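See structure below.
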Amino acid sequence: MKIIDSIKYFIPLFSLLIWNVFALSDKEKSEKLDELLAKSSDNFINLNEKYFDLLINTPRDYHTILLATATSPNINCEPCRQLLPEFLSVANSWDQTDKRLYFAIIDYQNGKNIFKKLKIQNVPNVLYFKPDQGEVKPEFYDLPRQ
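In mature numbering (1 follows the signal peptide of the UniProt record, and there is no 0), the protein residues as written are -23 to -1, 1 to 123.
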């Protein structure tokens, strides 16, 4: 019986230890995000499914503004094409030395699973992720599409 009681406490502690070993610290996440940002000629991170979790998962000590769009010619989203330069203008005007705010763009072509995960039904859409230690809950800013 004592072995079962010991295992009952060991498994959660071991799981927590493993999670902490493999989880990126806030500093490591910020360094990786800064590296991705440095690869951009503009002041935004061009997201794909590989980097989405890095940017959005908690703990998160920074703000993220995400443009969900569909600029592929075969989708023909005119509001998406019209909003993109405006979003880029805002992102480029932001002081890049302030690392507490990241601008990101996810295109449907490169992130269909992200659209499903976030339950994005329409484009263009702007999502705001505040700094958080818990569940990923974006605020949606639905835009006119006419």
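C-beta: ideal position from N, C-alpha, C; glycine also. Fair warning: this is a prediction, and the values are worked out from it, not measured in the lab.
Starting from the Cα of Leu104, find the closest Cα among Gly111, Glu112, Gln110, Leu120 and give me that residue.
-> In the sequence shown, the residue the question calls residue 104 occupies position 127. Cα-wise, what sits closest to Leu104 is Leu120.
First through last residue of the alpha helix (DSSP H) which encompasses Asp30 = The count along the sequence shown starts at 1 and reaches residue 30 at position 53. Where Asp30 is concerned, the enclosing alpha helix (DSSP H) stretches over 26 to 33.
Taking Ala68 as part of the beta strand (DSSP E), name the residues at either end of that continuous run.
-> Working through the sequence shown from its first residue, we reach residue 68 at position 91. Note, Ala68: premise wrong, no beta strand (DSSP E); alpha helix (DSSP H) at 55 to 70.
Give the C-beta separation of Leu31 and Thr46 to the nearest angstrom, bearing in mind that I take them to be a contact with Cβ-Cβ under 8 Å.
-> Locating residue 31 in the sequence shown gives position 54, counting from the first residue. Locating residue 46 in the sequence shown gives position 69, counting from the first residue. Between Thr46 and Leu31 the Cβ distance is about 20 Å, and since that is not below 8 Å, they are no contact.
Go ahead and pull the three-state DSSP assignment for Leu120.
-> In the sequence shown, counting from the first residue as 1, residue 120 sits at position 143. Correct three-state label for Leu120: coil.
Enumerate in chain order the residues of its own chain whose CB-to-CB distance from His40 is below 8 Å, with the five nearest sequence positions on each side excluded.
-> Position 63 of the sequence shown, counted from the start, is the residue given in the question as residue 40. Result list for His40: Arg77, Leu78, Tyr79, Tyr105, Phe106, Lys107, Pro108, in chain order.
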